[in-house]
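In the working numbering, the protein residues as written are 13 to 1145. Glycine included, C-beta positions come from ideal geometry on N, C-alpha and C. Please read these numbers as outputs of a predicted model, since none were measured by experiment. Worksheet for the structure shown next.
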């Protein structure tokens, strides 16, 4: 050992000379080592850059108002030091996450007082002026004193004498409210009448310097002119005034205590996002525990937790691809290092013949490797840093960086990863040298005459071990179904063994190829002997005799092309998935959801849309909840989507794999039957509607109403009044039987103003008490009145000059309600009889003798179609409800049991989450409205609440967005495919990060494959000069020799790239099954559809093709320059 160490200086000089003497070849090795270290370093650099960008992007997307911490107690006591104690608790607890908080502001807002002139008494009813006294910490620096002075603190007060306090208020509010500087007013406690008022004296007029500043928080009523009756004038006063003077006089006084902590976005570090969330959560839990009724409002914890989840899941495909790249780099190093060692075998044999031992020779190789690794450790991280920084100029990151460099840094973690890459590279360099240096001179002589026909891992069947490991990992991946596993505590973690599964899969296919490659060559050789010429036979003979060297090159090309195909397939599939996810979430190019339109009908919404610019096609949609019950404990919940099949198909985004049938034919099955309902009109000039109502002698409750629809398609119930209390509004004394005239106001009620004309749809009653079991009523002479006043004795005489619209003289016009119970039509009897007539020949007698649920409507409606509503349903609904296509069941919608017929099914439908709690049912909108809304309302009539829109183009979409922002006809939530997609593109942890890594992947593939092929080809050509010299001497012409070279290289390239392409495609498809989740960990919806980016891959292959042609050209040039004399000398050697 001592001899080895004493010879290190000599070994070092020899290593340097060898590196210098083979500088061209060693440059290729150095590039590989640098690239390996750079790639390993980039794992940390790129992830850190994406993490920082991703966290800041998530924080920026949340407004200041949502992100800042707001701690408040709406009715906090002030006396006895309560406020000071709570402020102290909050200060102490906010110290936990203090490094993330830039400013803290405290405030107190007193309870509301009634304000009057001095000495006056507030009225008992509104309108009454109201006032609140405010204290804001540090407010003077945020205000401009317009006139007067700042209020001085009022002295402490006692309950015996009310204080006089100085205040300031907004100058504009003072002018609007008629306040003058120096004026005094009284403020009276609104919660007690026995206390003398507090006197306020206006001493200052103020104005906010910047009212948009975060300091003012969410509320913006500090300088607001009161408009509503609950609005109050805001007066600013010192802290001592509020706590010591006001609360000293009224110890029961309460105030809204509030602490506003501003979040410093720049203070967050991506590596400590989880810790920051824990700190905030601990502070908030302690505050709410120590301060009674305190609540905390902020989104900071949710933002940080969501970021942590997103970062965890989005890093998985990046790690999978990075590990494959590093694997190829290491194999490239092994390949090139092996060729270097083989070239140096003469030198090694010479040293051994002169007495050098294995230790001496390995010391030279070790020093060579250490020199290369040291160079890579110095340059690799710098190369990685610059390459990743330059990604900021790429389109993927342009929206985030503004076209500037990415902000990256080198830290300790980067050099740890670099050291790992250097260590792996060193092993890859030393392993071939160690194997070669163990050989003797005899081994060298034998290898030159008879090359190895099998690599070492095949001789010892190590390739079968690799196949077994690959099969085991694939089985484990199939069993787990994901690259994510749970730890002992239920947390999620990335399984490192499963992450390398794709790389192992590629290696497995490659080593199997090497074992089968000689067999394949023998088959080709047999064919070539029959069909091929001398050149083809020579190529196959040479490859069969010495398959190790071409096998190594083939292995590199297989791995490179498979990675390229995997990246291209995986990247294009993810990009397609981002598009599909945005479209699936929106459903159409633009979807307006949750319309707050006060029950507007389809016609009203379509009229509003007619004024909107940029609308090519639109469809008004209903989204509501329903349930199907097979028993008390067997209920299937569902969401019902009511659509117009014709217009809906024009705007809906759909994919072929969502259902077996085409979407147009599937939705068209939901077309309802043609129907026309008889109309009983009430003209627009009518003000009241009424009817004669016969009641039996009973003390039960009977509440009658009329079901109407207006000209715009809006349904509503008109409650009829006029019954004695015992019959209409509660159980009371018995009333005699007989006719009563009941009436309702057409102009009043929810949704006013109501404009006619209207159309009568039905008559219903709700019963309770004894009438819920059995009873009889009579209907006759439904009429309207255009008068503005009604007679005082209207119950006995009816309308003056009433116009009858329904006299109940025609049979078959009315039918008992059919959809108000689960069992179908009500078990009641409604018929026209002469005995029940009040006016004319006939009236209607309505009889019931069976109990229904209290409050359930019973009555009659105009006869109309009763065919079931055709629906298409999710397969999940069929499974949960144990139904099949063709079944007819009753769905409960708004307490109306509507019969539906299942006419089709689907697996997925835009906007529906199959993992949610509800299945999906798609029904005909208009027929569904008719079947539900013709019945008396129990929770209100169904009305459309979504609009699905296809714009005229990009310009039309922009115009439509502007119109909806500036003059929206209704409040709504917008789902815009382009907006959703832009959010994905701008998120460095979603689309941008993947695109950047994919760009680096293709550069690495092209560089490695090109450099490896070029170096291997040149070295092999140099080694085969003697063989080709023999060919020339036995009669092969130079074109024939060049043809042998070209056929050999093209055959290796074609077979390798074809196999690599197939492996990459299969690998990409296979891995999509195991990363089928979005960045939040949820299942990808809709599922991935495999897409291959042939344009990008074709570009990479084209570059490789040019390199391959260049390498072949170099070899050709090498042989072209050889003379016959050189050839003969080579043969002599």
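Please state the DSSP three-state secondary structure of residue 393. helix
Kindly indicate which residue of 239, 306, 209 and 242 has the alpha-carbon position closest to the one of residue 259.
If we check each option's Cα against that of residue 259, 209 comes out closest.
**Report entry** Assumed close pair residue 598, residue 992 - CB separation to whole angstroms, cut-off 8 Å
**Finding:** 6 Å
Problem - Under the three-state DSSP convention, the category residue 97 falls into - result: helix
- Start-to-end residues for the alpha helix (DSSP H) that takes in residue 616: 614 to 622
Contacts around residue 723, its chain only, beta-carbon distance under 6 Å, and the 5 residues preceding and following it disregarded:
769
Q | Bridge partners - residue 796, DSSP secondary structure assignment | A | Per DSSP, 701 and 815.
| query | What residue range is occupied by the uninterrupted beta strand (DSSP E) comprising residue 274? | reply | 266 to 275
| message | On the DSSP letters alone, give me the boundaries of the alpha helix (DSSP H) that residue 657 sits inside. | response | 657 to 663
Exercise for the section: Rounded to whole angstroms, what's the CA-CA distance from residue 766 to residue 621? Just pull it up for me. Expected result: The alpha-carbon atoms of residue 766 and residue 621 are separated by roughly 21 Å.
Quiz prompt | Beta-carbon contacts of residue 820 that lie in its chain and below 7 Å, excluding the five residues immediately before and after | solution = 791, 792, 844, 854, 855 and 856
**Message:** Quick check: what's the CA-CA separation for residue 311 versus residue 989?
**Reply:** C-alpha separation (whole angstroms): 25 Å.
Q. How would you call residue 1014, buried or exposed, if buried means at least 16 neighbouring beta carbons within 10 angstroms?
A. Burial call: buried.
I need the straight-line Cα distance from residue 282 to residue 1116, nearest angstrom please. 39 Å
What are the start and end residues of each continuous alpha helix (DSSP H) run of 4 or more residues lying completely inside the stretch 862 to 934, in chain order?
Counting only runs of 4 or more, we get 887 to 893.
- Query: Three-state secondary structure (DSSP) at residue 778?
  - Reply: Residue 778: strand per DSSP, three-state reduction.
Would you identify the three-state DSSP class for residue 749, choosing helix, strand or coil? coil
request  = Can you tell me the Cβ-Cβ gap for residue 955 and residue 860, rounded? I've got them flagged as a contact below 8 Å.
outcome  = Residue 955 to residue 860, Cβ: 30 Å. No contact.
Given 8 Å as the limit, is there contact between the stretch 580 to 596 and the stretch 1096 to 1105, that is, 3 or more CB pairs closer than that? yes
>> Check this for me: beta carbons of residue 900 and residue 888, under 7 Å apart or not?
In response: no
Query raised in the report: By the 10 Å Cβ neighbour count, where 16 or more other Cβ atoms means buried, how is residue 26 classified, buried or exposed?
Result: Flag for residue 26 reads buried.
**Prompt:** Within 10 angstroms of its Cβ, does residue 687 collect 16 or more other Cβ (buried), or is it exposed?
**Reply:** exposed
Check your understanding: Helix or strand or just coil, what does DSSP make of residue 521?
Key -> helix
Inset, instruction - With a floor of 4 residues, list each alpha helix (DSSP H) that falls wholly inside the stretch 933 to 985, ordered by position along the chain. - result: Within the stretch 933 to 985, complete alpha helix (DSSP H) segments of at least 4 residues are found at 937 to 945 and 966 to 978, given in chain order.
Do the stretch 116 to 125 and the stretch 141 to 161 meet, that is, are 3 or more Cβ pairs less than 8 Å apart? yes
(request) Quickly, what does DSSP pair residue 118 with across the bridge? List them, please. (result) 271
_For residue 393, count the other beta carbons within 10 Å of its own beta carbon; 16 or more makes it buried, fewer makes it exposed. Which is it?_
Per the 10 Å Cβ criterion, buried.
Worksheet entry | Cβ distance (whole Å) where residue 577 is taken to contact residue 1080 below 8 Å | 7 Å
| Where do the N-terminal and C-terminal ends of the alpha helix (DSSP H) with residue 72 fall, by residue? | 35 to 72
Could you pull out every residue in the same chain whose Cβ sits closer than 6 Å to the Cβ of residue 852, ignoring the five residues on either side in sequence? Around residue 852, the same chain offers 819 and 821 as residues with beta carbons nearer than 6 Å, after the five sequence neighbours per side are excluded.
Quiz item: For residue 147, which of helix, strand or coil comes out of DSSP?
Solution: strand
For a test of the three-state rule: what should DSSP assign to residue 562, helix, strand or coil? helix
Margin query: For residue 836, count the other beta carbons within 10 Å of its own beta carbon; 16 or more makes it buried, fewer makes it exposed. Which is it?
Written below: exposed
query = Taking the continuous alpha helix (DSSP H) assigned at residue 76, which residues delimit it?
reply = Run containing residue 76: 76 to 79, per the alpha helix (DSSP H) assignment.
Exercise for review: Out of 797, 565 and 633, point me to the one whose CA is closest to residue 697's CA.
Suggested key: For the residues 797, 565 and 633, the minimum Cα distance to residue 697 belongs to 797.
_Taking contact to mean 3 or more Cβ pairs, one atom from each stretch, closer than 8 Å, check whether the stretch 656 to 664 and the stretch 631 to 644 are in contact._
yes
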